[in-house]
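Protein chains in written order, with this note's numbering: chain R, -15 to 403; chain U, -15 to 403.
Each residue gets a CB set at the ideal place from its N, CA and C atoms; glycine is no exception.
Protein chains: 2
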Amino acid sequence: MRLGGIDGALIIDFMKDKPAHATIKGGVTAPAGFLATSIYCGIKASNPSREDIALIFSESPAVAAGTFTTNMVKAAPVLASIANLRAPGTRAIIVNSGNANACTGPVGLAAAQRMCLATAAALGLKEREILVCSTGRIGVQLPIEKMEASIAQLPARLGKQSRAAAKAIMTSDSFPKETAVEVEIGGKPVRIGGIAKGAGMIDPNMATMLSFVTTDAAIGKADLAKALRASVGQSFNRITVDGDMSTNDTVLALANGRAGNPVLKFGSADFAIFQSALDQVTAALARMIVKDGEGVSRFVDLHVTGARTDAEARLAARAVANSILVKCSWYGGDPNWGRIIDAVGYSGARICEERVRISYNGLPAVIDGMAAATPAARLQAVARKKEFTVTVDLGTGNGTHRIWTTDLTTKYVDFNMGE
Amino acid sequence: MRLGGIDGALIIDFMKDKPAHATIKGGVTAPAGFLATSIYCGIKASNPSREDIALIFSESPAVAAGTFTTNMVKAAPVLASIANLRAPGTRAIIVNSGNANACTGPVGLAAAQRMCLATAAALGLKEREILVCSTGRIGVQLPIEKMEASIAQLPARLGKQSRAAAKAIMTSDSFPKETAVEVEIGGKPVRIGGIAKGAGMIDPNMATMLSFVTTDAAIGKADLAKALRASVGQSFNRITVDGDMSTNDTVLALANGRAGNPVLKFGSADFAIFQSALDQVTAALARMIVKDGEGVSRFVDLHVTGARTDAEARLAARAVANSILVKCSWYGGDPNWGRIIDAVGYSGARICEERVRISYNGLPAVIDGMAAATPAARLQAVARKKEFTVTVDLGTGNGTHRIWTTDLTTKYVDFNMGE
């Protein structure tokens, strides 16, 4: 996937394995003034028992920011949320699973707006204070009347129910994804929480990544947008399961200022603390999404170094991470460096073959473009682990890129072969 | 794969299903003055009984042309052949399977040159009159002494043995690939023959496509190069099994003039006849390669139309053809248009969502960006065939691109998961 925004120029390496900030419970309802809930509407015929609508609500007006799919085909709720984000204050996010409301034309766009209207009516708010997301089957109109009836029941159910909301947005996910952290800013405890759903395939029509982040930090709308874009660039835009990017991918953030900290200003030391905490939340959620990729058996932390530029490092990393052949070899626990060097060779990144180095968990597989002396059995022992690091140095400069990816398994193919 | 050269501006649609010219037997030895043979050397430990060196020989000097992988990592034989192609006359092509001689450094380059030298010595020729190819495992040095001994025995075995040569260059291919056609040019019968090996995975280290074309046409070196590049642009550069491009991909053509036709000149009517015959040979071989992709169960003829430019049509076609999700749905016989529109949406091609049309064997699946009225069962009946056509119209212009591709099967993943 690749959401709009920047691929971060952050110095802080929040992808480090040990979280820097205290994690707390509560997900999106950990920050003060945020409530959530969910309900069963029956959108998805094939899984009638699971709740399929979630609501995230701020008890006071929040500033909001969003990053959206860069796919030219944008689902109706993406268009509706982009429009409503222009309003100064946001109060709620309404989400359904089971139907993506994508490729549904004007009728679909009206349905997305009706989801906002129904939510606003139920909460006594304005339509523009609501953001909306959908995930699930593509090309099918929403059962909007039924949904309006369900949405009307949501306000009475609101509580600290982040986990229920995280479950209601799941499609092919095998577990709900939530996290939260607390940091001190200007002497005040500030909380950031998030939930997400996975990038695997859905229903079986659509791969969509959704994530919702809440915080009680006091921050301006423009600065929240900056922080979110940087954070997404280093987390959700650094993961790939199958290389596809959906019509619905969305990350939304709400900040309601209830923590009472001095308003965060971009470039300040306090902002950096906030950024690192936000980064920790998005990185944790991104990692959960990769680990929950359909049929995935290995998690690979791929570092490309020594590229001419960061952009070329990204090209190389994406070519390796999305190579069907590389992914198949990882599935087999085969540290097949030939397929890796082949992928960087066609990636579009400049390489110096005579200086290329590839290693598995630091063990050299390739030195100066040729097989290293490491015994095959030692490399295999790494590639057979559930999680390992692959480093590829292109030998042409100082550009780097890091990406989290997976193997490609027969289970994935079976899962995604449709009816 | 994508070889150097142009993506054709040819008007002749040689990809049509019915061959325009008479096909004949004999493969690369169908044209006058060409001989071939093969021998068992024992390069590939895992399959010791199969012949693994092939020789193609012209009884008189031929002009030669080649197109090579655009991968930045180029195998030693690619570098050696590029160098030797600069010589005016070529007499032979020496090829081994079981070892790609890629990522083998200066020792590997010397080994590729020694293959040429040994062949030249055996035939009483100069090293520069020999072209060389390798396919198989990457990163392992060739057993060159053993190979030199085998090469020395080749001249005595030469005959009209195109099929033996086609077998000796096989790796994971399940059948040898050869074809030949005869056309009349200037009152003379002119023959073009070819052999190829597949783009599936190998040994299990490397995907390589090799093809060798011979003709007894009289044609200048520069014009042969033009004809070959155009032909490759419309055949081998239009196929994709897994989206990967190897370090060794090579197409070589030799023309020895024995047909006695008036020398072909680019732009003439005779040249057009020759081009169409050459196109028929390369298209037939390309089609065989796709059909022989590992574990492939469906062959898909993908047409992208209505793009802003041909280049954008190519982007869209490649995104669809290489989408893991699209390929999985084809495997399941699922005419999943949501994944197709998603892939064109992120391909980089400009699209007009409200005008996008997708059809399976002409049955509309999407009209104006939304589901068409065709019953799902009828679309499924198409997607369950072994071979079908998918057409995607982007609704933004007149650019087109056609590509041949396959599904992605659990068998493919099993095959490529390594040891």
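Using a Cβ cut-off of 7 angstroms, pull out every chain R residue sitting near residue i, in sequence order please.
i	result
Thr394 of chain U	Thr394, Val397, Asp398
Do you know offhand how far residue i's Cα is from residue j's?
i	j	result
Ile114 of chain R	Thr74 of chain R	6 angstroms
Asn80 of chain U	Asp391 of chain U	29 angstroms
Glu129 of chain U	Glu296 of chain R	41 angstroms
Thr119 of chain R	Ala60 of chain U	49 angstroms
Thr51 of chain U	Ser134 of chain U	27 angstroms
Leu404 of chain R	Thr384 of chain R	This structure gives no information on residue 404 of chain R, because the portion of chain R shown stretches from -15 to 403.
Ala6 of chain U	Val167 of chain U	7 angstroms
Val376 of chain R	Ile351 of chain R	10 angstroms
Asn189 of chain U	Val124 of chain U	Low per-residue confidence applies at Asn189 of chain U: pLDDT is 37, beneath 50, and the placement is therefore not dependable enough to give any value.
Ala201 of chain U	Gly251 of chain U	16 angstroms
Ala237 of chain U	Ala76 of chain U	11 angstroms
Ala148 of chain U	Ile40 of chain U	11 angstroms
Met354 of chain U	Glu338 of chain U	8 angstroms
Thr373 of chain U	Phe283 of chain U	9 angstroms
Ser33 of chain R	Ala268 of chain U	53 angstroms
Ala291 of chain U	Arg298 of chain U	9 angstroms
Thr224 of chain R	Leu93 of chain R	29 angstroms
Asn221 of chain R	Glu132 of chain U	52 angstroms
Met154 of chain U	Val116 of chain U	16 angstroms
Tyr396 of chain U	Ala105 of chain U	42 angstroms
Asn240 of chain R	Lys161 of chain R	22 angstroms
For residue i, would you say it is in contact with chain R, using Cβ-to-Cβ distances shorter than 8 angstroms as the test?
i	result
Met354 of chain U	yes
Ser278 of chain U	This sequence places Glu at residue 278 of chain U; Ser is not what is there. Closer than 8 angstroms: no.
Trp388 of chain U	no
Gly383 of chain U	no
Thr88 of chain U	yes
Gly204 of chain U	no
Under 7 angstroms: does the beta carbon of residue i sit that close to some heavy atom of the ligand HEM?
i	result
Lys369 of chain R	As for the ligand HEM, it is missing from this structure, which has no ligand bound.
Tell me, please, whether the CB atom of residue i is closer than 8 angstroms to any CB atom in chain U?
i	result
Glu337 of chain R	yes
Gly290 of chain R	no
Gly177 of chain R	no
Gly217 of chain R	no
Gly322 of chain R	yes
Which chain U residues sit within Cβ distance under 9 angstroms of residue i?
i	result
Tyr344 of chain R	Simply none; closest approach about 13 angstroms.
Classify residue i: buried if its beta carbon has 16 or more other beta carbons within 10 angstroms, exposed otherwise.
i	result
Ala14 of chain R	buried
Pro246 of chain R	exposed
Tyr24 of chain R	exposed
Phe404 of chain U	Because chain U here runs from -15 to 403, residue 404 of chain U falls outside it and cannot be looked at.
Lys249 of chain R	exposed
Gln349 of chain U	The amino acid occupying residue 349 of chain U in the given sequence is Ala; Gln does not appear at that position. So Ala349 of chain U counts as buried.
Val91 of chain R	exposed
Pro319 of chain U	buried
Gly217 of chain U	buried
Arg98 of chain R	buried
Lys58 of chain U	buried
Arg407 of chain U	The structure shown has nothing for residue 407 of chain U, since chain U only spans -15 to 403.
Lys311 of chain U	buried
Arg70 of chain U	exposed
Ala327 of chain R	buried
Thr264 of chain R	A small correction: the amino acid at residue 264 of chain R is Gln; Thr does not occupy that position in the sequence shown. Buried.
Against residue i, what residues of chain U qualify as contacts under a CB-to-CB distance less than 7 angstroms, listed in chain order?
i	result
Tyr24 of chain R	Residues of chain U passing the Cβ test: none, with the nearest at roughly 25 angstroms.
Gly329 of chain R	Asn55, Met56, Val57, Thr231
Taking CB distances under 8 angstroms as the criterion, tell me whether residue i reaches chain B.
i	result
Gly82 of chain U	In summary, chain B is missing from the structure at hand, where the protein chains are R and U.
Just list the alpha helix (DSSP H) runs in the segment 295 to 381 of chain U, keeping only unbroken ones of 4 residues or longer that don't cross its boundaries, in chain order.
-> 308 to 315, 321 to 330, 360 to 367
In chain order, each alpha helix (DSSP H) run of at least 4 residues that lies wholly inside the segment 189 to 254 of chain U = 205 to 217
Length at least 3, wholly inside the segment 98 to 137 of chain U: the beta strand (DSSP E) runs in chain order = 114 to 121
Length at least 4, wholly inside the segment 15 to 82 of chain U: the alpha helix (DSSP H) runs in chain order | 60 to 68
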